[in-house]
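Notes follow once the structure below has been shown.
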Amino acid sequence: GNSGGRLFLAGDAAHLFTPMGGLGYNTAVEDAVNLGWKLAAVIHGWSGPDLLDSYELERKPAAVRNTGHARAFADSLGNFVPDPRLEEASAEGERLRAEAGAYFGDHGRREFNIPGITFGTRIDGSPVIVPDGTNPPPDRPNEYVPTACPGGRPPHAWLADGISLYDRFGFDFTLLDLAGNPAYAAPLLEAARSAGLPLRLVTLNEPCLRGLYEADYALIRPDQTVAWRGDRLDDAAAVVDIVRGAGGR
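In the working numbering, the protein residues as written are 287 to 535.
Shown next, in the form of C-alpha cells:
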C-alpha cells in the first residue's frame, strides 16, 4: 500500500508463509504495528507526505526475510531422506535411528530457538530513519545481538527500580535522554512541538544504558524502533521531519 490510494495490505493478505517456525502471524502483527501509528499520524495531522509510503518500504523486506527463513526450516525437514534400514531391529538400525534423532533434534533447536528472527527485524534504508553510519550485527536466525543502531529494536534493560525499560516507552515518540542534559534535548523537543509530533522525554541516569545504546540520546518510534541516536543534534528540525515522513528522502 502507499499514500496514493486508500488500501493497505497486511498480514496474510500481503504474504503467505509455510507454517514452519510460526512466522506468518508474527509478521502480520508487525505489519499492523508498523502501519497503525502511521495512520494515526495522518489522522492527527502531523505526518509528512511520505510517511505512509514508508510502510511497504519497511515491511516488504522484513516479510521476504521471514518467509525465507520459514522456507529454510521447511526444506530442513523435507530434504531429509530416511534410510529404509532405519526400522531394522539391528545395530545398524539403532545407529540410523540415533542419527535421525540427532538430525531432527538439531532442526528443532534451529526452528524454535530463533531470537534473531523474533527480535532482530531491521528496516535499514527506510526513508523515515536517520542512519548514524554504524552497521548492525549480522542477521542470524538463532542469535540476537542487541543494538541501538537506528532501524532496529531498542535494546532492553531492567531499570534499577525493577521496571522494564520498554514500560517507559509510550504510544508516542520517546526521546531517551541518557546524559541528563536538558539543554541538548531542548532543540528536539521544540522541533517536535512545532511540527505537532507527539514526543515524550524520558531521562534515565543509569550508566548501563549509556553503554548499551552507545549514545547520549535515542529517539524511539511508537512501534519501538530506534529512529535516531546521537550525542547531540545539529539540526533537530531535519530529524523530526525525516521521522514523520516530511524529509523528502
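For every residue, glycine included, the Cβ atom is placed at its ideal position computed from N, Cα and C.
Values in this document were obtained by computation on a predicted structure and should not be read as measured data.
Under the three-state reduction of DSSP output, I506 falls in the strand class. A distance of 9 Å or more separates the beta carbons of P436 and W323.
Three or more Cβ pairs closer than 8 Å define a contact, and the region 364-378 falls short of that threshold against the region 400-410. CA-CA distance, N399 to L475, rounds to 40 Å. P427 and R381 have their alpha carbons spaced roughly 30 Å apart. The beta carbon of A522 sits closer than 6 Å to the beta carbons of P473, L474 and A477 from its chain, once the five residues preceding and following it are set aside; these are given in chain order. Secondary structure of E374 (DSSP, three-state): coil. Out of A318, M306 and P441, the CA that lies nearest to the CA of A300 is found in A318. When DSSP assignments are scanned along the region 431-491, the uninterrupted stretches of alpha helix (DSSP H) that are 4 or more residues long and fall wholly within it turn out to be 468-481. Distance check between P423 and each of L309, G438, E316 and S412 places G438 closest, using alpha-carbon atoms only. R292 sits in coil when the DSSP states are folded into three classes, being neither helix nor strand. Excluding its 5 nearest sequence neighbours in each direction, P484 has C-beta neighbours in its own chain below 7 Å: D458 and F459, listed in chain order.
In the structure shown, V529 falls within a helical segment according to DSSP collapsed to helix, strand and coil. Bridge pairing for G516: Y503 [DSSP]. Taking one beta carbon from each stretch, the region 298-312 and the region 490-507 have fewer than 3 pairs nearer than 8 Å; the two do not touch.
L464 places its beta carbon less than 9 Å from that of L495. Taking C-beta atoms under 8 Å as the contact rule, A434 and E492 fail to qualify, at a distance of about 14 Å.
Of the candidates V529, M306 and L498, M306 places its Cα closest to the Cα of E397.
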